[in-house]
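Numbered according to our numbering, the sequence shown spans residues 31 to 467.
Presented below is the structure to which this report refers.
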Amino acid sequence: MQIVMIGSGYVGLVSGTCFAEFGHNVVCIDSNAAVIENLQAGIIPIFEPGLDTLVTRNISAGRLRFSTDTASAVAVANAVFIAVGTPSRRGDGHADLTHVYAAAREIAAAAPDDCVIVDKSTVPVGTAREVEAICREVAPHKQLSVASNPEFLREGSAIEDFMRPDRVICGVDDPKAESVLRAIYRPLSLRETPLVFTDRETAEVIKYAANAFLAIKISFINEISDLCEAVGANVQDVAKGIGLDKRIGSKFLHPGPGYGGSCFPKDTLALLQTARSNGVPLKIVTAATEVNNTRKGEMVERVIRLCGGSVAGKKIAVLGVTFKPNTDDMREAPSLMMIPAWQAAGAQISAFDPQGRGHADQYFSQVNWANDPYEAIVGADAAVLLTEWNELRALDLAKVKAQLKSPLFIDLRNVYPPEDMRSAGLQYHSIGRPYRD
Ligand code: NAD
C-alpha cells in the first residue's frame, strides 16, 4: 500500500512510522517546513519513547520518507490519512476543523481517481461527510472514498498502542474504503486485534465517547479522593477495591491534579458542543469537565494552605511539568495553570522535567530550571510532584530531606508510600491518603 500521512505531529508521525513498520510505503507530510527539514535530517521533533529507532529503521528500509510536497505524494497514494490538529476553536469550544478542511482540499485536488481519504484526526460527527462534500466540490469527476479511522494511541506509549491496539475502529460508507483499510491493518490480524467496521458517524462518535468516558473516570476518582480525605479513607485502596471488579476495570482510577493533555480537555468540550447543537444534554460529561476545571485551582490552594497559608517569598520546587510522563507535550498540562498561580501568589518557582523544558520554556517566565530533581529542591520551602516521571519515582529521600529548606513534600500523583516519606523525616501529603499515626 502507498500511504500518505498529512500532518507529522504526535499522531501522524507515529501512525505513519508504524504503517511503514507494517510494511507499507509511507510519506509523512507536514505544512511546517521546519518539522520536515528536521525529520529529513534525522531529528525527531517530538519526544516519544522508541520513535527515533523505528523512524531510522524504516527510512533505511526505504519504506518511510518525509516531504512538504503534498500533491506529488498524494498523486500515487492508495490511502491518504488526515492527521492534522483539531484544537478547540477560540471562544466556543467547537473543534476547529480549518486544518482538516484545508488538507481535504489539497488531497482532493491531487489524489488519484480511486483514492481513499481517511480522517484520523479526532473530528466531530459529520466531518467525514463534510470532507466528502469538499472532495466532490474540488474533484467532481473522481471517485474518492472518505472513511473515518479515529486514533486511540496515548502519548508516552504511542508505538506500543499503535502496534498492539485494543481495537481499530473504521467507519466506512463503501466497499472500496473497507477493503483498503482491511489491507492496511492486515498485519494486526496476527494478533487477532478486533477490527470494528461501522458507519462513519458511529466511528466519529466512538472516539469522543471513549475520551469522555475516560475523563469521567478521572473526575470520578478525584471526587472520591476528596471524600476519602474527609472521612479518613484511602483512595488508593478504594480504586483497587473497585477496579478489580471487571465491570469497572482498574485503569484511569488514579487521583491527581486533574486531567490535561492534547485530547481530554478539548475533546470533552467539542463533544458537549456537538451535544448542545443537537439538543442533547450530556449531564455526566458536563459534570466531569466542571470537576476537572475546578480541580487545578483546588490543588493550587492546597499547596498554599500546606505552605502555611501563604507562598509569598517562598520557593516551590515543581517536579514534572508535562501533562503526563514520557512526553514533552505541554498542551493543557496542569502546570500551565498552577505555576503562574503560585507565582501570582508571590512564590518563586524552580522546576525539573526530564523532557518538558524545551516546550515549557515558551509558556513560563521566571522559572528557574534545574538539571535534576535535587538541584530543583535546593533551599525550597516545598517540593510538589506534579508529573510521575520514572526519574521522580525513586528519589533518594535522605537527599531530598537534606536539600529542602523545610521538609514539605506534596505528591499530587501518589507516587510514594506515606510510611517511607515519614520515616525519611518528610512532611508528606498526597491525594486521598490521610495520615495515620
Ligand atoms: P500535532 O499538533 O502534534 O500535529 C499536527 C500536525 O499537522 C502539525 O505538525 C501541523 O503542522 C500539521 N498540519 C496542519 N495542517 C496541515 C496541512 N494542511 N498539511 C500538512 N500538515 C498540516 O497534533 P496531534 O497531537 O498529532 O493530533 C492530531 C489529531 O489526532 C488531533 O485531531 C488529535 O485530537 C488527534 N489525536 C491525538 C492524540 C494524541 O495523543 N496527541 C491521540 C489520538 C488522537
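All C-beta atoms in this analysis are idealised placements derived from N, C-alpha and C, irrespective of residue type, glycine included.
Quick caveat, the model's predicted, so the values are computed rather than measured.
- Its chain contains Pro355, Arg443 and Val445 as the residues whose beta carbon lies nearer than 6 Å to that of Glu418, once the 5 sequence neighbours on both sides are disregarded; these appear in chain order.
- As for any beta strand (DSSP E) of minimum length 3 sitting wholly inside the segment 413-449, the runs are 438-441, ordered along the chain.
- By a beta-carbon distance limit of 8 Å, Gly186 does not contact Pro285. Their separation comes to about 19 Å.
- Around the beta carbon of Lys247, 16 or more other beta carbons lie within 10 angstroms, which makes this residue buried.
- Relative to the ligand NAD, the beta carbon of Glu181 is positioned inside 7 Å of a heavy atom.
- The continuous alpha helix (DSSP H) containing Ile89 extends over residues Leu81 to Ser90.
- Distances taken from the Cβ of Ala132 to the heavy atoms of the ligand NAD include one shorter than 7 Å.
- For Val65, the CB falls within less than 7 Å of some heavy atom of the ligand NAD.
- Val315 and Leu302 do touch by the CB rule: their CB atoms are close to 6 Å apart, below 8 Å.
- Taking the CA atoms as reference points, Thr47 sits about 9 Å from Arg93.
- A heavy atom of the ligand NAD is found nearer than 7 Å to the CB of Ile36.
- Boundaries of the alpha helix (DSSP H) harbouring Ser209: Pro205 to Tyr215, taken from the DSSP string.
- Excluding its 5 nearest sequence neighbours in each direction, Pro117 has C-beta neighbours in its own chain below 7 Å: Asp126 and Lys296, listed in chain order.
- Rounded to whole angstroms, the separation of the alpha carbons of Ala260 and Ala400 is 36 Å.
- For Gln32 against Asn55, the beta-carbon gap comes to about 5 Å, under 8 Å, which counts as contact.
- When the five nearest sequence neighbours on each side are left out, the beta carbons in the same chain lying within less than 8 Å of the beta carbon of Arg87 are those of Glu51, in order along the chain.
- Annotation: Tyr404 to Val146 spans about 53 Å, alpha carbon to alpha carbon.
- Under the three-state reduction of DSSP output, Gly201 falls in the strand class.
- In this structure, Lys435 places its C-beta atom within 8 Å of the C-beta atom of Ala410.
- For Arg306, the Cβ stays outside the 7 Å cut-off from all heavy atoms of the ligand NAD.
- In the structure shown, the three-state DSSP call for Ser453 is helix.
- Annotation: the segment 117-203 contains the following complete segments of the alpha helix (DSSP H) (minimum length 4 residues), in chain order: 128-140, 157-168 and 188-193.
- Phe77 and His389 have their alpha carbons spaced roughly 11 Å apart.
- For Ala109 and Val155, the gap between their C-alpha atoms comes out near 21 Å.
- For the pair His124 and Ala101, the Cα-to-Cα distance works out to about 29 Å.
- Here Asp402 is exposed. Its C-beta has fewer than 16 other C-beta atoms within 10 Å.
- In the structure shown, Tyr458 adopts extended strand secondary structure according to DSSP, grouped into three states.
- The Cβ neighbour count for Ser380, taken over all protein chains shown within 10 Å, is at least 16; the residue is labelled buried.
- In summary, Asp383 is buried, with 16 or more beta-carbon neighbours lying within 10 Å of its beta-carbon over all protein chains present.
- A contact is defined here as three or more CB-CB pairs under 8 Å, and the segment 356-376 fails this definition with respect to the segment 307-323.
- The ligand NAD never approaches Glu160 closely enough for any of its heavy atoms to be under 7 Å from the residue's Cβ.
- Annotation for Leu299: the continuous alpha helix (DSSP H) segment containing it runs Phe294 to Ser307.
- The beta carbon of Thr223 lies closer than 7 Å to those of Pro195, Arg197 and Val198 in the same chain, with the five residues before and after it left out.
- Relative to the ligand NAD, the beta carbon of Ser61 is positioned inside 7 Å of a heavy atom.
- Membership of Asn55 in the beta strand (DSSP E) is indicated by the continuous run Asn55 to Ile59.
- Taking 8 Å as the cut-off, the Cβ atoms of Pro142 and Val106 count as close.
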